[in-house]
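Working notes for the structure below.
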Amino acid sequence: MRKIKKLKSGVFVVLFVLGCIPLSRAQKIYEMPEKKVETRWSSFENLSAGKASGGLENKGAKGHPFNRINAGESISLLDVEGSGTVQRIWLTFSDRSPEMLRSLVINMYWDNKEKPAVSVPIGDFFGVGLGKKVPFESEFFADPEGRSFVCFIPMPFKEGAKIEVVNQSQKDLKALFYDVNLTLEDHPEDLLYFHAYWNRTPKTTLGEDFKILPQVEGKGRFLGTNIGVATNKDYEDSWFGEGEVKIYLDGDTGTPSLVGSGTEDYVGTAYGQGAYSQQFHGSPIADKENGEFAFYRYHVPDPVYFYNDIKVTIQQMGGAPQARVKEFMKNGAKLQPVTIDAEDGFYRLLGKDSNININDEGAPKGWTNFYREDDVSATAYFYLNKPVTDLPSLQALEVRTKNLTKTNTNKSSGL
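Going by the numbering used here, 166 is the number at position 165 of the sequence shown; the sequence numbering is gapless.
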């Protein structure tokens, strides 16, 4: 207990929220920190997050609750100097259509760096992909009624923090409301900075794993991911989620250290995937009729640390009864059979000694897994011991918004 108390006060918050130490060893909720910690809020009523600087625009009455963001413009949510931790972000805005959720970009900069550590479409950043809004709650994100965006991930900085929202659409956004809650405090030298990376492949390559997080150099912790899949109609309503998540750690090249057993297994369910949201894993969207699935997994009780480098991928694989797979092939669908789960055994079709063709008369019969091509996007969240990475810049607007469904789970409303 004494050793923990000697750490800088800001570390308590990060370690407790991320589940690294038990509650019994963390600072108790009724205890004051040993070193001074100042609480600040940034909003349009106090954009500087300054002391005694709030509510100045209308004699203390509501004076500046929201701002307009015209097409092509950006707006600052936070711009502070010094050392501290972003503790919570809440925001909402007037147009929550799929196109706007992918056209608004949230950027975060730490310690006065020019390159953002976070540059992600705003809807995807806040926990659900596919340009959709649904009520859900997880360890890191929440949307109580499908109309707001809340993030609880601690984001420490030593020299300064900037957060902005950019409207890259061709439409003016009538209103954005927000507040960023932060604490001002000192941090240790070996600080881990928060990062997020998003990418989309509108049609994956057959047999090639989708990169949730391309290789990143450094020391840190992988926090998890939310993934969106819009399934390819060539495979009708067949099951998309046989793909295994692979995590390559500290020098892994051809083969990873961490491998799962299937997509729905990775997000905590089994034998298919319905809609649910829980603390560390969930699937807020599971729309089999329209072939849309959005799901997440956050590694809080099961930390994933890396000391030199990390890469995270997911196989693009589905499954169906063999007769349906053969029908897909007959109809011209691009796929590659991978395994057959037959009554007399489990057959691996890609092994060096395998010569099984599922179209042969004597081939084993059973559930058949196969590589497939779908529309996949993902946001990866991680801590790193530096405020910038060499990851690619955010993809262009046309890639982000291509083939989005025109309707949302919750209708958008104007003010």
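Don't be surprised by glycine CBs; every beta carbon is placed ideally from N, CA and C.
Residue i, enclosing beta strand (DSSP E) - first and last residue
i      : result
Asp144 : Phe142 to Asp144
Glu424 : Missing from the structure shown is residue 424; the chain here goes from 2 to 416 and no further.
Pro122 : Val119 to Pro122
Val377 : Asp376 to Leu385
Ala231 : Gly221 to Ala231
Tyr249 : Val246 to Leu250
Asn370 : Gly367 to Tyr372
Same chain, Cβ closer than 8 Å to residue i, neighbours up to 5 away in sequence not counted
i      : result
Ser25  : Here the model assigns Ser25 a pLDDT of 41, short of 50, so the residue's position is not dependable, and the following value carries that caveat. For Ser25, where only same-chain residues beyond five positions count, there are no Cβ hits under 8 Å.
Leu405 : Pro99, Glu100, Arg103, Leu131 and Gly132
Phe127 : Phe142, Asp144, Phe150, Val151 and Cys152
Ile213 : Thr226, Ile228, Val246, Val313, Thr314, Ile315, Ala379 and Ala381
Leu207 : Gln317, Lys335, Leu336, Gln337, Tyr372, Arg373 and Glu374
Span separating the alpha-carbon of residue i from that of residue j
i      : j      : result
Val305 : Gly56  : 43 Å
Pro302 : Gly225 : 12 Å
Gln274 : Lys234 : 18 Å
Ser262 : Glu243 : 8 Å
Ile90  : Glu186 : 18 Å
Gly367 : Gly346 : 10 Å
Asn68  : Glu74  : 12 Å
Leu350 : Ala295 : 30 Å
Ala143 : Thr256 : 35 Å
Thr86  : Gln28  : 16 Å
Lys403 : Thr205 : 14 Å
Ala50  : Leu78  : 10 Å
Lys60  : Ala287 : 49 Å
Lys159 : Glu190 : 9 Å
Gly319 : Ser84  : 47 Å
Val135 : Ile164 : 24 Å
Met330 : Phe211 : 22 Å
Glu344 : Ile359 : 15 Å
Asp180 : Gln396 : 27 Å
Phe137 : Pro285 : 6 Å
Lys289 : Glu146 : 23 Å
Thr254 : Ile248 : 11 Å
Gln279 : Glu140 : 8 Å
Ala62  : Leu105 : 30 Å
Ser355 : Val129 : 40 Å
Glu399 : Pro203 : 11 Å
Phe223 : Lys36  : 29 Å
Asp238 : Gly219 : 41 Å
Ala271 : Asp80  : 44 Å
Gly64  : Lys172 : 25 Å
Ile341 : Glu328 : 16 Å
Phe45  : Ser95  : 16 Å
The alpha helix (DSSP H) enclosing residue i, as first and last residue numbers
i      : result
Arg201 : Here Arg201 belongs to no alpha helix (DSSP H); instead the beta strand (DSSP E) covers Tyr194 to Thr202.
Asp266 : Thr264 to Tyr267
Thr402 : Leu398 to Thr402
Same chain, Cβ closer than 7 Å to residue i, neighbours up to 5 away in sequence not counted
i      : result
Ile70  : Ile76, Val166, Asn168, Leu174 and Leu177
Arg401 : Arg103, Pro122 and Arg201
Thr93  : Arg148, Ser149, Phe150 and Phe178
Leu392 : Tyr198, Pro215 and Val217
Lys116 : Val389
Trp251 : Before going further, note that residue 251 is Asp rather than Trp in the sequence given. Closer than 7 Å at the Cβ level, and outside the excluded window around Asp251, lie Phe307, Tyr308, Asn309 and Asp310.
Ala321 : Ser239, Trp240 and Thr369
Glu265 : Gly242, Ala271, Gly273 and Gln274
Rounded distance between the beta-carbons of residue j and residue i, thought under 8 Å
i      : j      : result
Gly221 : Leu193 : 6 Å
Leu385 : His196 : 5 Å
Val246 : Val377 : About 12 Å separates the two Cβ atoms, so there is no contact after all.
Ala39  : Gly161 : Rather than Ala, the amino acid found at residue 39 in this sequence is Glu. 15 Å between Cβ atoms; not a contact.
Ser120 : Ser394 : 7 Å
Tyr372 : Gln337 : 4 Å
Ala334 : Tyr236 : 6 Å
Leu183 : Gln88  : 6 Å
Proximal residues to residue i (C-beta, below 6 Å), its chain only, five neighbours per side dropped
i      : result
Val217 : Ile311 and Thr390
Asp125 : Trp199 and Thr380
Thr232 : Phe241, Gly292 and Asp375
Lys114 : Pro388 and Val389
Asn47  : Ser54 and Gly55
Phe281 : Glu140, Tyr299 and Val301
Ser43  : Ala50, Leu79 and Val181
(message) Could you tell me which whole beta strand (DSSP E) segments of length 3 or greater appear in the region 285 to 346?
(response) 293 to 299, 305 to 307, 310 to 315, 318 to 322 and 337 to 343
(request) Return the chain-ordered ranges of every alpha helix (DSSP H) run that is complete within the region 34 to 106 and spans a minimum of 4 residues. (result) 99 to 104
(request) Could you name each continuous beta strand (DSSP E) segment of 3 residues or more that falls completely within the region 124 to 176, going from the start of the chain to the end? (result) 142 to 144, 150 to 152, 156 to 158 and 161 to 168
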